[in-house]
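Protein chains in written order, with my numbering: chain A, 1 to 118; chain B, 1 to 116. Heads up, the beta-carbon is just placed ideally off N, CA and C, and yes, glycines get one too. Report on the following structure.
Below you can see the structure in the form of structure tokens.
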């Protein structure tokens, strides 16, 4: 079974530029998450999708970040304009279970996109 | 709001020894799930073990066990017979709840180094 795919793996941009990341979850996984992991910290949830609907985007900086999951499969995360503090690894994860169910329902993570903003 | 605290930034352990990684949590929800993930230097997050708040027994998965003390709000990870390949960052996480939102809240992590 193929894992969560992300691209690009690395991206270097200058501040005020825009950037987009792509994620393809594990086939059949209904729930998709984007996390931001700043160096030396644990991942922080940015947004959660259930199929193509947003379940939680309370920690997404909506003035510059946007995300979509058209057709309930692939997802893109965009930053426009980027700031220095956006330098981080952006992790995509997916889960088979519908959101809100009890039980393990582990999240499978992709390899991440390392963003450097100069 | 949910919070995870990992107080050990780094640990050095001799190979084959057991190691305990500390994790305390704070939540007002009666139902929650606790996870441990391993992140090697390559960057991928690897799921290790899960404990549900209503589980009667501590979770075990091979060399990994979770010492769950609900009254103390702690969920320490125990790795038995450590191996060189266990060297990595370890994150404790709690599953959020409410309205179907179940993203994870992570601690800051513990950098574990296994020495030969």
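Residues sharing a beta bridge with residue i, DSSP
| i | result |
| --- | --- |
| residue 61 of chain B | B:64 |
| residue 24 of chain A | A:5 |
| residue 94 of chain B | B:34, B:105 |
| residue 56 of chain A | A:48 |
| residue 33 of chain A | A:48, A:93 |
| residue 7 of chain B | Beta-bridge pairing links residue 7 of chain B to no other residue. |
| residue 14 of chain B | B:115 |
| residue 39 of chain B | B:89 |
| residue 69 of chain B | B:74 |
Chain A within 8 Å of residue i, Cβ atoms only
| i | result |
| --- | --- |
| residue 90 of chain B | no |
| residue 47 of chain B | yes |
| residue 44 of chain B | yes |
| residue 38 of chain B | no |
| residue 109 of chain B | yes |
| residue 50 of chain B | yes |
| residue 106 of chain B | yes |
Contact with chain B by residue i, beta-carbon distance below 8 Å
| i | result |
| --- | --- |
| residue 61 of chain A | no |
| residue 117 of chain A | no |
| residue 72 of chain A | no |
| residue 19 of chain A | no |
| residue 14 of chain A | no |
| residue 6 of chain A | no |
| residue 33 of chain A | yes |
| residue 65 of chain A | no |
| residue 96 of chain A | no |
| residue 106 of chain A | yes |
| residue 80 of chain A | no |
| residue 28 of chain A | no |
Local conformation of residue i per DSSP, three classes
| i | result |
| --- | --- |
| residue 68 of chain A | strand |
| residue 26 of chain B | strand |
| residue 86 of chain B | helix |
| residue 124 of chain B | Given a span of 1 to 116 for chain B in the structure shown, any question on residue 124 of chain B remains unanswerable. |
| residue 21 of chain B | strand |
| residue 39 of chain A | coil |
| residue 84 of chain A | helix |
| residue 54 of chain B | coil |
| residue 115 of chain A | strand |
| residue 75 of chain A | strand |
| residue 11 of chain A | strand |
Residue burial classification, residue i (beta-carbon count within 10 angstroms, cutoff 16)
| i | result |
| --- | --- |
| residue 12 of chain B | exposed |
| residue 39 of chain A | exposed |
| residue 25 of chain A | buried |
| residue 113 of chain B | exposed |
| residue 38 of chain B | buried |
| residue 43 of chain A | buried |
| residue 106 of chain A | buried |
| residue 28 of chain B | exposed |
| residue 1 of chain B | exposed |
| residue 80 of chain B | exposed |
| residue 86 of chain A | buried |
| residue 115 of chain B | exposed |
| residue 66 of chain B | buried |
| residue 12 of chain A | exposed |
| residue 34 of chain B | buried |
Partners in chain D for residue i, counting only beta-carbon separations shorter than 7 Å
| i | result |
| --- | --- |
| residue 101 of chain B | Judged by its chain identifiers, the structure shown contains no chain D, and its protein chains are A and B. |
Self-check item: Touching by the beta-carbon criterion (3+ pairs, under 8 Å), the region 20–32 of chain B and the region 65–76 of chain B
Solution: Contact between the region 20–32 of chain B and the region 65–76 of chain B is present, because at least three Cβ pairs lie under 8 Å.
Practice problem: Check whether the region 80–97 of chain A touches the region 19–38 of chain A, taking contact to mean three or more Cβ pairs, one atom from each stretch, closer than 8 Å. | Solution: Touching, per the Cβ criterion.
Quiz item: Hey, is the region 7–16 of chain A in contact with the region 46–58 of chain B, meaning 3+ C-beta pairs nearer than 8 Å?
Solution: No: the two stretches stay apart, fewer than three of their Cβ pairs being nearer than 8 Å.
Quiz item: Are the region 96–115 of chain B and the region 46–60 of chain A touching, with three or more C-beta to C-beta distances below 8 Å?
Solution: Contact holds: three or more Cβ-Cβ distances are below 8 Å.
Quiz item: Between the region 10–25 of chain A and the region 77–84 of chain A, do three or more beta carbon pairs fall short of 8 Å?
Solution: Yes, they touch.
Exercise. Answer yes if the region 88–98 of chain B comes into contact with the region 39–52 of chain B, meaning at least three C-beta pairs across the two stretches below 8 Å, and no otherwise.
Key: Short answer: they touch.
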